[in-house]
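Visitor: Dropping the structure in here first, questions after.
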Amino acid sequence: MRSEVLNAAARRNIFFSPDALEVVLSNSDPLAFANTILTSLSESSMFIEKKDIIGFIAGDVAVEAERVPAAPRNKKHGDMIVAPGTDITGDSTCEGKINDFAAYFKNRFFILKRMIEKRRDFGTSVPISRAVTLGRETQIVGMIYEKKETKNGHTTLSVEDETGTCTVLLSKDSPCSGEMYVNDEVIGISGKTSARGDLFIADKIFRPDVPAGRTWVPSDSVSSVAFLSDIHIGSSTFLDKEWKKMTDWLKANSYDMDLDYLVLPGDVVDGIGIFPGQEEELLIADIYKQYEKLGEYLKDIPDHIKIAVQPGNHDAVRLAEPQPALNRIFTKSFDSNVIMAGNPVSFEIEGRTILSYHGKSIDDWIASVQRLNYDDPITVMKEMLVRRHLSPMYGGKTAMAPEKKDYLVIEKVPDIFVSGHVHGAGKMDYRGVKVINASAWQSQTEYQRAHNFNPNPAIMPVVHLGTGAVRMMDFIK
Ligand SMILES: [Fe+2]
Ligand SMILES: [Fe+2]
10 MRSEVLNAAA RRNIFFSPDA LEVVLSNSDP LAFANTILTS LSESSMFIEK
60 KDIIGFIAGD VAVEAERVPA APRNKKHGDM IVAPGTDITG DSTCEGKIND
110 FAAYFKNRFF ILKRMIEKRR DFGTSVPISR AVTLGRETQI VGMIYEKKET
160 KNGHTTLSVE DETGTCTVLL SKDSPCSGEM YVNDEVIGIS GKTSARGDLF
210 IADKIFRPDV PAGRTWVPSD SVSSVAFLSD IHIGSSTFLD KEWKKMTDWL
260 KANSYDMDLD YLVLPGDVVD GIGIFPGQEE ELLIADIYKQ YEKLGEYLKD
310 IPDHIKIAVQ PGNHDAVRLA EPQPALNRIF TKSFDSNVIM AGNPVSFEIE
360 GRTILSYHGK SIDDWIASVQ RLNYDDPITV MKEMLVRRHL SPMYGGKTAM
410 APEKKDYLVI EKVPDIFVSG HVHGAGKMDY RGVKVINASA WQSQTEYQRA
460 HNFNPNPAIM PVVHLGTGAV RMMDFIK
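According to this note's numbering, the sequence shown is numbered sequentially starting from 10.
Structure representation (C-alpha cells):
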C-alpha cells in the first residue's frame, strides 16, 4: 500500500513528508485518502506535510489518537558512496604518449560498440573491412572522424573500426541525414555497400542511448539530494546574500524533509589565473584562502547533510578530464561530513546512481553543433546520454587525459545526471533519467556580459530519491 500511495503522488510530481505519509497510511483506505488529498491540494504543493492534510481528517480524531508517537528515525549517515571504477582519483596512469591515446580510443570504441550491439534492433556487426566486400544488407559499428556535405546536398561520414575505414552516405532524402553527428562518437549503421564499392549507403543509424521505455521506478526512500554547482568562492560576483538565504532554508527544513545529501559539481572556487584579467574580479586572490572560505561556508550547512565536492575547470587540479579529487592541502579545513571526488564521478545513494559531471564539454558541443546553444544546456546533456559519452569530441576546448579506460563513457545509465559549468538552471526527464543543470552562485561576470550571456544563478535543484520529484528552489527572489 505504501508504494501505491507513493506512486500516486509521484505521478503528480508530489511527495509526502514522512509524518504526512504516516497519517495517510493509518487511514482505513489509504489510497483513496491519498487521492483526495492529491487532487485537492494546489499544483504548487510539491511537498505535502502533515499540517497540510490535517484538514482532511478533521473530526476523525481516531486517526490521530491511535497513532503511536513515532520514534526519531535513524538518519542515514555516510550512505553516499563513490561508485567503484567511476573516479580517476589515485588511479591515473596516463603519460600522454601516442600509445596512451590509441589505447584510450580503443577502450571507448569497444565499450560503446558493445552497448550498440546489445540493442535488440541491431544485433551483431561485421568488421568494416569485411562489410565493404559484401553486396548485401549488413551492419557496422564505427567511430566518426569526419562529416561532410556533398554538392548534391547529401551527407557523408568517414568512420573507422579496428579493421578499416569507409565512407558512409546519408542520402538527403533519408531521415538519418537530419540527425546530429559529432566527431569521435561511436554509431551503428545498417546499410549496404554501393555497386562501385566505394560507399556504404546507410538506411538507419543506431546509438548506444538509454533503453527506450525506461522509467524512474519509485522506491520507499524518503531522502532527498540537492545540488549546488559553480559556487565560485573568491569571486567578487559570488552571491553571498543568496547563499546565506539557502543555508538558512537548509537549517530550517533539511532535517524534517530528509534532505540528507548535497553534491557540489565543480567550480567550487573561482581559482586564480583562469582567464585574463580575472584578478580584477577576485575578492580573495589566494587559492588556499578561497578553499578555506569554502570550508567556512560548508560548516554552516547542517551536519546531518553529507556533502560531496568535485572539481571543475576553475579548481586547483589538472584541467584534463577525468579530473582527480581536490588535494588535501586545499581541503584540510573541511568538516568530516564532506567527501572529495573526481570529475566525472558516479555516486550511489540509497540505491540510486547519480552521475555528476562539471560540464566543460558543453562548450565543445555548442561550438560544433549549430542547433545547440547556451540557453539550453539540458538538451546538450540529453545528447550526451544518447551517445552514452560526456565528451566525445577530441581536440576542442575540453582537455582529455588518455587514461587506460575512458571515464567519460556513461557505462551505467544513471537515475540522476547533473552538470553545471554554464551557470544555467534546468531539468528534464529523459527516459527516467532526471537530467539537471545545477545553476551557479555567482552573478553575471564581465566576461559573460561581454558575450551577452545571462546566467540563472542561486537555484538549488532538490531531487527526492524515492519519487524522483525534482524541485528547483530559487533563492534569488
Ligand atoms: Fe563556473
Ligand atoms: Fe566551469
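We put the beta carbon where it would ideally sit given N, CA and C, even for glycine.
1) Pick out whichever of Asp-483, Ala-17, Pro-217, Ala-467 has its Cα sitting closest to the Cα of Asp-229.
2) Note the first and the last residue of the continuous alpha helix (DSSP H) segment covering Val-33.
3) Just to check my reading of the structure: Arg-128 and Phe-215 have Cβ atoms closer than 8 Å, yes? What is that Cβ distance to the nearest angstrom?
4) Whose beta carbon lies closer than 5 Å to any heavy atom of ligand 1, going through the chain in order?
5) Would you mind working out which of Gln-148, Arg-123, Ile-125, Leu-143 sits nearest Ser-134, comparing C-alpha positions?
6) Give the DSSP-derived three-state secondary structure of Gly-105 in the structure shown.
7) Given Asn-407, which residues of its chain have a CB within under 8 Å of its CB, disregarding the five upstream and five downstream residues?
8) Where does the unbroken alpha helix (DSSP H) through Leu-394 begin, and where does it stop?
9) So what's Ser-342 in DSSP terms, helix, strand or just coil?
10) With distance defined between alpha-carbon atoms, name the residue in Arg-123, Ile-296, Met-89, Gly-99 nearest to Arg-397.
11) Go through the segment 379 to 453 residue by residue and report every complete run of the alpha helix (DSSP H) that reaches 4 residues or more, in order.
12) Output the distance between the C-alpha atoms of Met-255 and Ala-261, rounded to the nearest integer angstrom.
13) In the DSSP output, what is His-473 paired with across the bridge?
14) Which residue comes first and which comes last in the alpha helix (DSSP H) that contains Ser-377?
15) Give the straight-line distance between the Cα atoms of Tyr-383 and Met-390, rounded to the nearest whole angstrom.
16) Opposite Arg-480 in the DSSP bridges: which residues?
17) Does the segment 431 to 441 come close enough to the segment 224 to 243 to have 3 or more Cβ pairs within less than 8 Å?
18) At what residues does the beta strand (DSSP E) containing Asp-269 begin and finish?
19) With distance defined between alpha-carbon atoms, name the residue in Asp-279, Asp-276, Asp-312 nearest to Asp-269.
20) Taking only heavy atoms of ligand 2 into account, decide whether any of them is closer than 7 Å to the Cβ of Lys-406.
Guide: The relevant details are as follows:
1) Ala-17
2) 27 to 34
3) 6 Å
4) Asp-239, Asp-276
5) Gln-148
6) coil
7) A quick correction: the sequence has Thr, not Asn, at residue 407. Counting only Cβ-Cβ distances below 8 Å, and skipping sequence neighbours, we find Glu-330, Lys-369, Ser-370, Asp-372, Asp-373, Ser-400.
8) 386 to 396
9) coil
10) Arg-123
11) 386 to 396
12) 10 Å
13) Ser-233
14) 371 to 377
15) 12 Å
16) Val-471
17) yes
18) 268 to 274
19) Asp-312
20) no
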